[in-house]
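The structure appears below as structure tokens.
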Amino acid sequence: MTVTPSVSSSSRWRVPARFVEAQPWWRPGAPAALAVMIVLLATASRHGFHGDELYFRMLPPAWWYDDQPPLTVWLAHAATSVSDAVWVQRLPAALAAGAGALVAGLFPRLLGADVRVQRIAAWAHAFTVYPLLMGHVMLTASLDLLAWQLVVLGVVAALTGRRHALTWAGAAAGVACWNKLLVLVLVAAAFVALAACARWVLRTRDAWCGAALLVAVGGFQVGAQIVHGVPMLDVSADLVARHGVLNRWLVVPLLVVFVGPPFVRVAWRGLWWHPGSRRAAHPGADDGHDDGRHVKAFGGVTNAPFSIDDGHAGRIAPDPPQQRTGPVLAAMAAIVLVFALVSPAQPYYAVAVFLPLVAVGWARAAADEEHVWRRAPIVVTANAVVAALICLPIAPVSSPAFSIVSALDPMQRDQTDWPSLAAQMATARPTGAAIVTDSYALAGAAHQYGPALGVPRADVASWHNALWSLGPPRSGGGTRDVLAVGGDEHRIRAAFTRCDPAGRLIAPHDSFGLDGTTMLRCSDPRGGWGAVWPTLRRLGG
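The opening residue of the sequence shown carries number 7 in this note's numbering; numbering runs sequentially from there.
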């Protein structure tokens, strides 16, 4: 039978499997992926480094750190070895954003939707708020978003009969553990959701292989944290203590903003999607009357039916497994959302599990909601324009528009002020004194811009997070005179024989909330650095 695409919602869904998968898996999402990478790299150098990026550049390569796994730091050093340009530092984030667009297009593909639906899903994901935010700067969350997409994709693929899907999901989660251990929350949510809604998936050989790969690849980072007393929990506890009340109120509103307000309804449809809804037919039916019992692989279609057996490894449940997709995704999203509300160290933790729901929801919109689907290109374009204006450094820093944009998107202002702050610290320090900071971002700024201002990098130190493990200033056999920037003034004065005021930092855009930070000229640490340094350590945000 020859199939010709038509404008009806029914034909967008009820297409043969050979038509759905006629193109290579990457082709529908490739234009969106290429476009978002070009836009991100074209705007990457308009401001400067983000405070976290300066921190990553200062950290030496290591196998683990107190506050995070090492992958992002390794990539930062790899970029630095190539070029000191800002856009090179952010190249991995832009590549991850492009890959995320490709992955978004795979969700409707797995569910049998045609190429047009896959393209809309890719464009909608690529140019909504959160992917643009994370793709513009190189943070741990930049790679974490892609990792979460891949894990959720593996779950959906397993539910739709793809062999080895959970094996690959476990491998992706294991690699993600070298970037951010938060992915373990998603893995736990997936386990609980599958146990409640599709237990047969957990009995398959693929599930056991995925679990083994997760432990084998990611276990080192979990073990390193445990051996060292899990300092990441101290960092999280500090963030919750200082920002938890506000973050808890922001979780849901920011979830709406980051996913994209026009896409909330689409995500809601993704929560309740199943192929039996109204006009939707089971994907893979050549004549529109197939019983849904054919397995489609990523590389093509296999005619082998599902094995009707719920108790043997590698076999598929008797009901069409696509019908379990909605409940499983809903349970996963609910669990992660509860975690974000209970432990609100950062308000964006739940976003990465809701973005795949948008991609799934486009399949439902194409199948059941003609009015939603008809407006999809206009809605996606409008959302992209607004998201780009807010998330990308388009407005000049000196313009009034920047004040408005940075109020909506604090990450914009967190990419400014650093050269000025480094210059102020260099001016305030006594001749030959070191600069020691309570903020890893300030230390990173002094480390990045200090040499041009006469401050050797060996004279820059911080007791904040992983920088504390590098020890006190290292030049001259142990510097005894320092400029202490930020922190608890009483504790600092108690650590040195003498401390005199040295003014306050002026940050015009209040990057990292550092405007007005106190500076002290201190000398002679009491009992030497070996006695003082442990007392100054701070783990937190």
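Think of the CB as a built atom: it goes at the ideal place given N, C-alpha and C, for glycine as much as any other residue.
Quantities reported herein were computed from a predicted structural model and do not represent experimental measurements.
query                                                                                                                                                                : result
I believe LEU473 touches ALA428 by the beta-carbon criterion, under 8 Å. Please report the beta-carbon distance rounded to the nearest angstrom.                     : 16 Å between Cβ atoms; not a contact.
Rounded to a whole number of angstroms, what is the C-alpha to C-alpha distance between ALA286 and PHE133?                                                           : Low confidence applies here, because ALA286 scores a pLDDT of 40, under 50, leaving its location unreliable; read the following figure in that light. Cα-Cα distance, rounded: 28 Å.
Assuming ARG504 is part of the beta strand (DSSP E), what are its boundary residues?                                                                                 : 502-510
Have a look at ALA110, VAL143 and VAL241 and flag the residue whose alpha-carbon is nearest the alpha-carbon of ARG543.                                              : VAL241
Does THR166 come out as helix, strand or coil in the three-state DSSP assignment?                                                                                    : coil
How big is the Cα-Cα spacing for LEU77 and ASP374?                                                                                                                   : 42 Å
In the DSSP assignment, what residue or residues form a beta bridge with ALA467?                                                                                     : VAL442
Short of 6 Å in beta carbon distance, which residues of its chain neighbour LEU219, apart from the five on each side in sequence? Order them along the chain.        : GLY176, ALA177 and GLY180
How about the region 191-199 and the region 31-41: do they share at least three Cβ pairs that are nearer than 8 Å?                                                   : no
Report the residue ranges of all alpha helix (DSSP H) runs contained in full by the region 177-254; include only those spanning at least 4 residues, in chain order. : 189-203, 205-208 and 211-233
CB VAL491 to CB ILE441, shorter than 9 Å?                                                                                                                            : yes
Decide if ARG497 is buried, meaning its Cβ has at least 16 other Cβ atoms within 10 Å, or exposed.                                                                   : exposed
Tell whether a beta-carbon distance below 9 Å holds between ALA91 and ALA365.                                                                                        : no
Applying the criterion that 16 or more other CB atoms from any shown protein chain within 10 Å of the CB defines a buried residue, is ALA107 buried or exposed?      : buried
Under a Cβ-count criterion, where at least 16 other Cβ atoms within 10 Å of its own Cβ denotes burial, should SER89 be classed as buried or exposed?                 : exposed
Where does ASP487 fall in DSSP's three states?                                                                                                                       : strand
Tell me which residue opens and which closes the alpha helix (DSSP H) that SER412 is part of.                                                                        : 406-414
Excluding five sequence neighbours on each side, which residues of the same chain lie with their C-beta closer than 6 Å to the C-beta of GLY141?                     : LEU46, ALA99, ALA100 and ALA103
What number of angstroms, rounded off, separates the C-alpha of LEU361 from the C-alpha of GLN29?                                                                    : 24 Å
For LEU277, tell me which candidate among ASP244, ALA339, GLY250 and HIS234 has the shortest Cα-Cα distance.                                                         : ALA339
Can you check which of these residues, ALA163, ALA68 and GLY250, is closest to GLN227 by C-alpha distance?                                                           : ALA68
With 16 as the cutoff for other CB atoms within 10 Å, does ILE3 come out buried or exposed?                                                                          : What is shown of the chain runs 7 to 547, which leaves residue 3 out entirely.
Taking all protein chains shown into account, decide if HIS288 is buried (16 or more other Cβ within 10 angstroms of its Cβ) or exposed.                             : Unreliable positioning characterises HIS288 in this predicted model, as indicated by a pLDDT of 37, which lies under 50. The coordinate reading is nonetheless provided below. Burial call: buried.
Using the rule of at least 16 other Cβ atoms within 10 Å of the residue's Cβ for burial, across every protein chain shown, is VAL162 buried or exposed?              : buried
Which ranges would you report for the alpha helix (DSSP H) in the region 353-425 if only whole runs of at least 4 residues count?                                    : 357-374, 376-380, 382-397, 406-414 and 416-419
When the Cβ atoms of the region 47-59 are set against those of the region 222-236, are three or more pairs found closer than 8 Å?                                    : no
Go ahead and pull the three-state DSSP assignment for ASP150.                                                                                                        : helix
Are ALA230 and TRP70 closer than 9 Å when you measure CB to CB?                                                                                                      : yes
Can you find at least 3 beta carbon pairs, one from the region 399-419 and one from the region 432-441, that sit closer than 8 Å?                                    : no
With DSSP as the reference, identify every bridge partner of THR524, one or two as the case may be.                                                                  : ARG510
From the DSSP output, which residues share a beta bridge with PRO531?                                                                                                : PHE502
Are PRO34 and VAL121 closer than 9 Å when you measure CB to CB?                                                                                                      : yes
Could you say if the region 245-265 and the region 347-362 meet the contact criterion of at least three C-beta pairs nearer than 8 Å?                                : yes
Using three-state DSSP, classify ARG435 as helix, strand or coil.                                                                                                    : coil
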